[in-house]
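For reference, the structure discussed in these notes is given below.
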Amino acid sequence: MHQLWTWVFEPGFFSSAPVRVAAVTGGVAAVVSAVTGVFTVMRGQSFGGHALGDVSAAGGSGALLVGLNPLLGFVGLGIIGAGVMDTIGVRRVRGRDLATGIVLGAAIGLSALFLYLTSVSGATTGAPAQILFGSIFTITSATIPAVVILSVIAVASIAAVWRPLLLSSVSPDLAAARGVPVRLVGLLYMLALAVSVGLSSLAVGAILSTALLIGPAATALRLTRTVGWALAVACLLGAGATWLGILLAYDSYYWSAAHQGLPVSFFIVAVIFAGYLFSGFPAARAAAGRRDAAVPPPASPAHEKIAA
Amino acid sequence: MGLAEASATLPDVLQVGGVSVALGGRKILDDVSFTIGAGEFTGLIGPNGAGKTTLLRVILGLQRATAGTVAVLGQPRSRRNPSIGYVPQKVLLDSDLPMRARDLVALGMDGHRFGMPLPSRQRSEAVREMLHAVDADRFADARVGNLSGGEQQRVLIAHALISRPRLLLLDEPLANLDLRSGQEIISLLARIATSQHVAVLLSAHEMNPLLPVMDRVVYLAAGRAASGPADQVIQADVLSKLYGHHVDVLHVHGRVLVVAGTEDGEGADLTADHALEAG
Ligand SMILES: Nc1ncnc2c1ncn2[C@@H]1O[C@H](COP(=O)(O)OP(=O)(O)OP(=O)(O)O)[C@@H](O)[C@H]1O
Ligand SMILES: [Mg+2]
């Protein structure tokens, strides 16, 4: 029993400070991403979410270049990017593609510049990998308060516009007819999305933030029938995948004789991807079952007579 | 105040006065005027591109009119008008939308409110009643995206009605339905119009299924409108004036057929879809 335990949790896992900080920041980022991600998937804005990840990359590498905390850059530029995308026209489906493409291109260009300048100045080694693919074990506990505050802001914004956001995600026309300020609600959602992408950039890297945003949410939407449940399942999947990824990465240090640990982001994304693949089986079965059972045939007149 | 007295002093549910709309430099609606009284069932009839959707969006306040006024219950229309319910022409409900029929109906009640809904017995009871009123009980818990077109239409009608509007706007609700489902929706709407005392304005390019239930018709063609009881509006001279060229109104096997020729005067050259769909 004890052997199994130490085999799963290699020595020092629970007492390691970097692991604890990673578990907190990663878990929080995963939950926020799951909450916004459910709406991202419902609104068909995955590509927009990815573009914000690239904006975050530019922000993070810029912050690194001038010696600021990358989180500040991730979130700061992300918010500006969200505003720009909204202005160009992220609301219309056609305009959305356009806005996404333009912002994404500009952001990657900026990242290339900033990362080049950073590597030339020689201030930090491994900066590109840290910004693009994350290095959750290097986060210091001093970052945790900022992470928590940003998370609370993002989740509270979504909760505040929950119903209007839901309705305008289903149909902007229905929402507008109910008097919902569709545009304002959409902008607020984009800002919350920028914050959540910034947080997951910190956890798994700017490029991989899309995986944390879309994966758990898409999996949850396959498995559930109401938004409430989708949200709960997405949060569990996101946090679960993050923690499992952290554990696997920690353990991977002991796998090879050379003690060469593998990147956390790889494991987190791999677990999310596996989860999505596996969810296909029950979802397909449930869909087949729904077709048979969810909509029973209308009661025959004879039945109604008997009931009456 | 007695009921008769009350309804005598009630303003019209909807007054549209001289509404014109220009889009992209083109005049879509030109001086459209009509009124709808409480509980009346009105058909908004016109060929594709006549401006039906545009007119409904003006009434809702989603589209700005270049000229004219819209008054709802005697008040100038405001942005949020709880006394209007709306079923848009195209609502694409994705099959992986995590939403049951009853959830979508509930959003009709409080979708504009901020914050998250608290579980409420009263709320779910109101939703259950509304679903029952549109015969949607048996798919109340199915995902909306998996429902058939006719079933979705019922759910959307319930969504629009649950806020107890005095006017219900439906944009081509029969467009994707087979004859039988169409008839079911029409009789459902006629029943609700009477029992809940809600005026119905329903757009369609095919008027025949509506003839038994319509109190009035608003006929749109070439951006202009004629309104009144169906038998007075669906006349060759009225519609010819509207179209701006000669139009025939044929009665075939108890159905009405509007045969609108082209402006070049080739009478035989029907504006085909309209004539065919009207038959
Ligand atoms: N935003 C717009 N810009 C320019 N023209 C427009 C715009 N919206 C609608 N139109 C034009 O206005 C006319 C009326 O459109 P509308 O959608 O109101 O017609 P409709 O009667 O609802 O047609 P259908 O039966 O096909 O639904 C069409 O010719 C359409 O091309
Ligand atoms: Mg239309």
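As you go down the protein sequences, you meet chains U and A in turn. If you want my numbering, it's the position in the first sequence, counting the first as 1, plus 2. If you want my numbering, it's the position in the second sequence, counting the first as 1, plus 1285. Yeah, the Cβ is synthetic: ideal placement off N, Cα and C, and Gly gets one too.
Through-space distance from residue 1542(A) to residue 1484(A), alpha-carbon basis: Distance from the CA of residue 1484(A) to the CA of residue 1542(A), rounded to the nearest whole angstrom, comes to 26 Å.
With 16 other Cβ atoms within 10 Å as the buried cut-off, status of residue 1311(A): exposed
Under 5 Å, CB to nearest heavy atom of ligand 1: contacting residues: Residues flagged by the Cβ proximity filter: 1308(A), 1309(A), 1313(A), 1333(A), 1334(A), 1335(A), 1336(A), 1337(A), 1338(A) and 1339(A).
Spatially closest choice to residue 98(U) from 257(U), 276(U) and 188(U), by CA coordinates: Of the candidates 257(U), 276(U) and 188(U), the one whose C-alpha sits nearest the C-alpha of residue 98(U) is 188(U).
Ligand 2 heavy atom lying under 6 Å from the CB of residue 1348(A): no
Proximity test, Cβ basis, 7 Å: residue 65(U) and chain A: no
The stretch 165-176 of chain U contacting the stretch 1385-1395 of chain A, beta-carbon criterion three pairs below 8 Å: yes
Test: residue 2(U) CB closer than 7 Å to a CB of chain A: Outside the modelled stretch of chain U, which goes from 3 to 310, sits residue 2(U), for which no answer is possible.
Closer than 6 Å: residue 1438(A) CB and nearest ligand 2 heavy atom: no
Inter-residue spacing [alpha-carbon to alpha-carbon] between residue 1305(A) and residue 1315(A): Their backbone Cα atoms lie some 5 Å apart in a straight line.
Neighbour flag for residue 189(U) against chain A, beta carbons, 7 Å: Taking Cβ atoms only, chain A never reaches closer than 7 Å to residue 189(U), which makes this a no.
Residue 1482(A), DSSP secondary structure in three states: coil
Rounded separation between residue 1636(A) and residue 1522(A) - CA only: Limits of chain A in this structure are 1286 at one end and 1564 at the other, which puts residue 1636(A) out of reach.
Extent of the continuous beta strand (DSSP E) run through residue 1370(A): 1369-1372
Residue-chain proximity (residue 277(U), chain A), Cβ-Cβ < 7 Å: no
Alpha-carbon spacing of residue 78(U) relative to residue 61(U), whole angstroms: 7 Å
Integer Cβ distance of residue 243(U) from residue 232(U), believed to fall under 8 Å: At roughly 16 Å, the Cβ-Cβ gap does not stay under 8 Å, so residue 243(U) and residue 232(U) are not in contact.
Residues near residue 1296(A) in its chain [Cβ-Cβ closer than 7 Å; skip 5 each side]: 1358 and 1359
Contacts around residue 210(U), its chain only, beta-carbon distance under 7 Å, and the 5 residues preceding and following it disregarded: 135, 136, 267 and 271
Where the beta strand (DSSP E) through residue 76(U) begins and ends: Looking at the DSSP string, residue 76(U) is not in any beta strand (DSSP E); the run it does join, the alpha helix (DSSP H), is 72-90.
Residue(s) in a DSSP beta bridge with residue 1536(A): Note: residue 1536(A) sits in a beta bridge opposite 1541(A).
Short Cβ contact (7 Å threshold) for residue 269(U) with residue 240(U): no
Residue interval of the alpha helix (DSSP H) (run including residue 41(U)): 19-44
DSSP state of residue 187(U) mapped onto helix, strand, coil: helix
Cβ-based contacts, 7 Å cut-off: residues of the stretch 166-187 of chain U near chain A: 166, 168, 169, 172, 173, 175, 176, 177, 178, 179, 180, 181 and 182
Proximity test, Cβ basis, 7 Å: residue 1373(A) and chain U: Output row for residue 1373(A): interface = yes.
N-terminal and C-terminal residue of the beta strand (DSSP E) that residue 1448(A) is part of: Note, residue 1448(A): premise wrong, no beta strand (DSSP E); not H, not E.
Residues near residue 24(U) by beta carbon distance below 6 Å, same chain, minus five either side: 138, 139 and 248
Beta-carbon neighbours of residue 44(U), restricted to chain A and to distances below 7 Å: 1382
Any non-hydrogen atom of ligand 2 closer than 6 Å to residue 132(U) Cβ: No, the beta carbon of residue 132(U) sits no closer than 6 Å to any heavy atom of ligand 2.
C-beta neighbour in chain U for residue 1290(A), strict 7 Å: At residue 1290(A) the pLDDT is 47, less than 50, meaning the model places this residue with poor confidence; the figure from the coordinates comes in the next sentence. Output row for residue 1290(A): interface = no.
Touch test, the stretch 1480-1494 of chain A against the stretch 1452-1462 of chain A, Cβ-Cβ under 8 Å, three pairs minimum: yes
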